[in-house]
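Take the sequence shown: its letter number 117 is residue 1585 in my numbering, and every next letter is one higher. Here's the structure we're looking at; comments come further down.
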Amino acid sequence: MTFELPELPYSFDALSPHIDAETMEIHHDKHHAGYTDKLNSALQKYPDLQSRSIEDLLRDLDSLPEDIRKDVRNNGGGYANHSLFWSVMTPHETQYDQSLEKALSEVFGDVDTFKEKFSNLALSHFGSGWAWLTLEKGILHICSTPNQDTPLMSGNTPLLGLDVWEHAYYLAYQNRRTDYIKAWWNIVDWAKVSDLYKAASTKSN
Ligand code: MN3
């Protein structure tokens, strides 16, 4: 068994004007496909590992053979991060459910303050990486990770992730990461994030 590049749940131009079609096509068909291929080739030598889930591999990097650990970290991380990224965006208007709204308000004050803090984190992250909303031991947190590192590596569950690598926005926004982040909120799939929150909080209870 090998890992497969998930299909985008919408067309390349569906998220436009917030994310343009050309960026989506290159990002999915080249970048995400590249991480997928490189992950599979790293695992080729180790058929036993191919049956493990990507979450499982990333949660336990130290248990992997040293010669592929870095490749699984970078490309497995890239594989998992982008799979989540496509799934938490949508061209349709969505609403968060009450349990997520309540949890966000408990931690951050209200949803707008959460968005502001998350945006600031995404903006101030130096270089390539991701901004995250995670569930850690039943509590919502925001954090950022460098490169393709993922909260899964620390045993936490990512609920929402924003790719701040330049390849995610440079064609349309050039150096204006602020504008990209601001536009991205228009295409967040709150229904999906609410579902992920429910699933993760059921598991951690
Ligand atoms: Mn990317």
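Glycine included, each C-beta is placed from N, C-alpha and C at the ideal position.
Give me the residue from the options with the minimum Cα distance to residue i.
| i | options | result |
| --- | --- | --- |
| Asp1565 | Ala1659, Thr1670, Leu1603 and Lys1671 | Ala1659 |
| Lys1650 | Leu1568, His1486, Glu1534 and Ser1596 | His1486 |
| Ser1567 | Thr1470, Asp1535, Val1661 and Gly1595 | Val1661 |
| Lys1671 | Asn1654, Gly1577, Cys1611 and Ile1607 | Ile1607 |
| His1500 | Glu1475, Leu1517, Ser1484 and Ser1479 | Glu1475 |
| Lys1583 | Glu1569, Gly1595 and Asn1624 | Glu1569 |
| Ala1548 | Pro1619, Ser1669, Asp1647 and Trp1652 | Pro1619 |
From residue i to residue j, what distance separates their C-alpha atoms?
| i | j | result |
| --- | --- | --- |
| Lys1506 | Gln1616 | 13 Å |
| Leu1603 | Tyr1637 | 27 Å |
| Leu1552 | Ile1522 | 12 Å |
| Trp1633 | Gln1563 | 27 Å |
| Pro1477 | Leu1532 | 32 Å |
| Leu1627 | Asp1657 | 11 Å |
| Asp1678 | Arg1537 | It is not possible to answer for residue 1678, since the shown part of the chain is limited to 1469 through 1673. |
| Asn1508 | Asp1580 | 40 Å |
| His1560 | Tyr1648 | 18 Å |
Do residue j and residue i have their beta-carbon atoms positioned less than 8 Å apart in this structure?
| i | j | result |
| --- | --- | --- |
| Thr1504 | Leu1473 | yes |
| Asp1631 | Trp1598 | yes |
| Gly1595 | Pro1614 | yes |
Closest Cβ-Cβ distance between residue i and chain C: below 8 Å?
| i | result |
| --- | --- |
| Asp1647 | No chain C is present in this structure, which holds just one protein chain. |
Residue range of the beta strand (DSSP E) that residue i falls in?
| i | result |
| --- | --- |
| Ser1612 | Ile1607 to Pro1614 |
At what residues does the alpha helix (DSSP H) containing residue i begin and finish?
| i | result |
| --- | --- |
| Glu1475 | Element bounds for Glu1475: n/a, residue is neither H nor E. |
| Gly1546 | Gly1545 to Ser1555 |
*Answer yes if the region 1659-1668 comes into contact with the region 1583-1591, meaning at least three C-beta pairs across the two stretches below 8 Å, and no otherwise.*
no
_Closer than 8 Å is the cut-off here; do at least three beta carbon pairs connect the region 1537-1545 with the region 1639-1649?_
no
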